[in-house]
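Asks: Numbering (full-length UniProt numbering), first residue to last: 1 to 459.
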Ligand code: SF4
């Protein structure tokens with residue numbers, strides 16, 4: 001990776017005067033940035049953070065306005081804005097962000113990724129692929145147990161989603177939480193979240209994933225920082241699956257104790273993405289695409305990528321996702337990667353699933369992920385039925401949810417009465433198919449020969 005030195009932003013002054021409606025504001029910002037970078041004495045961390053955030057916002061405005069069709073001049077300005085923001089944050093010199101080039105081109109494909117067309121070919125025997133994937137998983141994820149007297153076993157990390165808010169301003173056409181739908185919406189206060197988390201802790205879960213819709217007034221950085229801090233103090237290994245955040249917001253969450261991020265692009269096809277994400281902050285394809293990179297730069301060490309199978313061509317989407325993983329790995333060599341391939345099983349009444357992915361196809365897609373990234377966590381949720389979860393666990397899955405509720409406030413102690421209206425009454429995002437309890441899933445895994453872990457921190 002070759003780091004680039006950005007040209008001074010002042011070089012852009014004439015062009016900005018001639019082409020930007022907000023020229024006056026931009027020129028003032030440029031001046032402040034150049035001043036802060038030049039004059040060490042005047043530079044405060046807070047000022048640098050604010051200026052970096054403003055450059056970041058400007059950069060995404062350009063990306064959104066150009067909708068992916070960038071000329072050389074645009075690209076060059078985007079790169080300069082990105083590299084100056086990085087300098088202001090005190091980051092190591094690095095090349096500019098270019099994930100779009102990475103997902104659309106085979107120029108940097110690793111050896112396994114170059115084999116994807118062969119593996120995806122229906123003529124390539126599935127049993128050969130699954131056998132190879134199982135061998136690679138056994139090699140990479142087996143652990144010695146019981147002081148070494150027993151043979152090594154494959155480890156499986158269990159986690160639980162902790163839904164905290166079903167408020168959402170986005171209009172994702174395939175989602176039961178989307179803005180215009182009249183569902184029972186809930187936003188949990190910090191103490192309610194901690195209560196839910198403690199129920200999960202009593203069930204064994206040391207690793208919990210905060211999941212929320214996107215409602216900026218309620219699901220703010222401050223709200224998440226408070227949640228993460230509270231959970232972290234309770235000894236929970238905290239992950240987040242929330243709206244894409246700014247670099248500064250991710251940094252604040254890292255300070256509060258967040259350890260991992262799951263952020264699925266849904267589809268890497270930009271045109272399809274626009275048809276499914278019609279309004280709201282999530283409509284920005286680029287803001288979402290670069291979120292994992294912003295999170296990694298802010299210090300999040302484990303990042304999960306994914307696509308929502310059913311929205312677009314699965315082969316093209318998984319190929320792009322793996323290229324994105326390769327791109328991130330090249331830029332952050334110590335980053336731990338995870339991949340997940342949730343399928344849409346049920347959608348709101350007015351949404352027809354355009355690409356049906358069969359069980360066999362799902363097995364092929366996951367096996368290909370394993371062969372492309374031998375050390376990545378492969379994650380499977382309770383959307384899938386128990387029998388298929390068992391089959392995939394044997395082949396390549398290393399992390400799975402269990403006993404999940406997809407509604408905020410959906411976990412109850414055994415002594416508490418169940419909600420009389422069932423999960424729909426609480427407003428669940430999608431129905432759970434594997435309805436076994438966490439204990440049942442853990443017992444089944446142990447019986448199937450796995451070593452069950454309830455967090456990544458467990459030795
Ligand atoms: S997918 Fe997420 S962002 Fe989109 S409507 Fe559902 S909860 Fe909101």
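Every residue, glycine too, gets a C-beta built ideally from N, C-alpha and C. From a predicted model like this one, the values you see are computed outputs, not experimental measurements.
Give the straight-line distance between the Cα atoms of residue 287 and residue 151, rounded to the nearest whole angstrom.
Replies: 46 Å
Asks: Taking only runs of the beta strand (DSSP E) that begin and end inside the segment 104-187, which ones reach a length of at least 3 residues, in chain order?
Replies: 153-165
Asks: Going by DSSP, what residue range makes up the beta strand (DSSP E) through residue 336?
Replies: 336-340
Asks: Quick check on DSSP: helix, strand or coil for residue 220?
Replies: coil
Asks: DSSP beta-bridge partners for residue 208?
Replies: Assignment of beta-bridge partners to residue 208 by DSSP yields 160, 238.
Asks: Just verifying my parser: in three-state terms, what is the DSSP assignment at residue 391?
Replies: helix
Asks: If you draw a straight line from the C-alpha of residue 236 to the C-alpha of residue 70, how long is it?
Replies: 43 Å
Asks: When we look at the beta-carbon of residue 84 and count the other beta-carbons within 10 Å, is it buried (16 or more) or exposed?
Replies: buried
Asks: Use the C-beta contact count for residue 464: other C-beta atoms within 10 angstroms, 16 or more gives buried, fewer gives exposed.
Replies: Outside the modelled stretch of the chain, which goes from 1 to 459, sits residue 464, for which no answer is possible.
Asks: Confirm, please, whether the CB-CB distance from residue 158 to residue 442 is below 8 Å.
Replies: yes
Asks: Closer than 6 Å from C-beta to any heavy atom of the ligand SF4: which residues, in chain order?
Replies: 168, 170, 172, 175, 177, 178, 213, 214, 282
Asks: Confirm, please, whether the CB-CB distance from residue 305 to residue 341 is below 8 Å.
Replies: Against a cut-off of 8 Å, the Cβ pair of residue 305 and residue 341 comes out as no contact.
Asks: Touching or not, the segment 316-331 and the segment 263-283, by the rule of three or more beta carbon pairs under 8 Å?
Replies: Touching, yes.
Asks: If you measure between the beta carbons of residue 256 and residue 218, is that distance less than 8 Å?
Replies: no
Asks: Can you tell me which of the three DSSP states residue 90 falls into?
Replies: coil
Asks: Could you name each continuous beta strand (DSSP E) segment of 3 residues or more that falls completely within the segment 274-351, going from the start of the chain to the end?
Replies: Runs found: 302-306, 336-340.
Asks: How long is the line joining the alpha carbons of residue 462 and residue 445, rounded to whole angstroms?
Replies: No statement about residue 462 is possible, as the shown extent of the chain runs from 1 to 459 and does not include it.
Asks: Helix, strand or coil: how does DSSP classify residue 265 here?
Replies: coil
Asks: For residue 377, does the three-state DSSP call read helix, strand or coil?
Replies: Residue 377 falls in the strand class under three-state DSSP.
Asks: Rounded to the nearest angstrom, what separates residue 294 and residue 142 at their Cα positions?
Replies: 32 Å
Asks: Based on the DSSP secondary-structure assignment, which residues constitute the bridge partners of residue 451?
Replies: 155
Asks: Would you report the Cα separation of residue 285 and residue 57, rounded to the nearest angstrom?
Replies: Roughly 14 Å between the two C-alpha positions.
Asks: Compute the Euclidean distance between the alpha carbons of residue 332 and residue 210, then round it to the nearest angstrom.
Replies: 24 Å
Asks: Between which residues of its own chain and residue 136 is the CB-CB distance below 6 Å, once the five residues before and five after are set aside?
Replies: 370, 374
Asks: Which residues does DSSP pair with residue 258 in a beta bridge?
Replies: 238
Asks: So, with DSSP's three-state summary, where would you put residue 401?
Replies: Correct three-state label for residue 401: strand.
Asks: Would residue 363 and residue 309 qualify as a contact pair, given that the criterion is a beta-carbon distance under 8 Å?
Replies: no
Asks: Here's the rule: buried if 16 or more other CB atoms are within 10 angstroms of the residue's CB, otherwise exposed. What is residue 398?
Replies: Buried, since its Cβ has 16 or more Cβ neighbours within 10 Å.
Asks: Please list the terminal residues of the continuous alpha helix (DSSP H) segment that includes residue 48.
Replies: According to the DSSP assignment, residue 48 belongs to the alpha helix (DSSP H) that extends over 45-66.
Asks: Could you give the C-beta distance for residue 112 and residue 372, rounded to a whole number, given that I count them as a contact under 8 Å?
Replies: 4 Å
Asks: Alpha carbon to alpha carbon, how far is residue 296 from residue 181?
Replies: 34 Å
Asks: Rounded to whole angstroms, what is the Cα-Cα separation between residue 378 and residue 161?
Replies: Roughly 16 Å separates the two Cα atoms.
Asks: Mapping DSSP to helix, strand and coil, what is residue 232?
Replies: Residue 232: helix per DSSP, three-state reduction.
Asks: For residue 194, collect the residues of the same chain with a Cβ closer than 6 Å to its Cβ; drop the 5 residues on either side in sequence, then sort them by chain order.
Replies: 230
Asks: What residues in its chain sit with their C-beta under 6 Å from that of residue 291, if we drop five residues either side in the sequence?
Replies: 244, 263
Asks: Beta carbon of residue 254, beta carbon of residue 227: below 8 Å?
Replies: It is not a contact, given that the beta carbons lie outside the stated cut-off.
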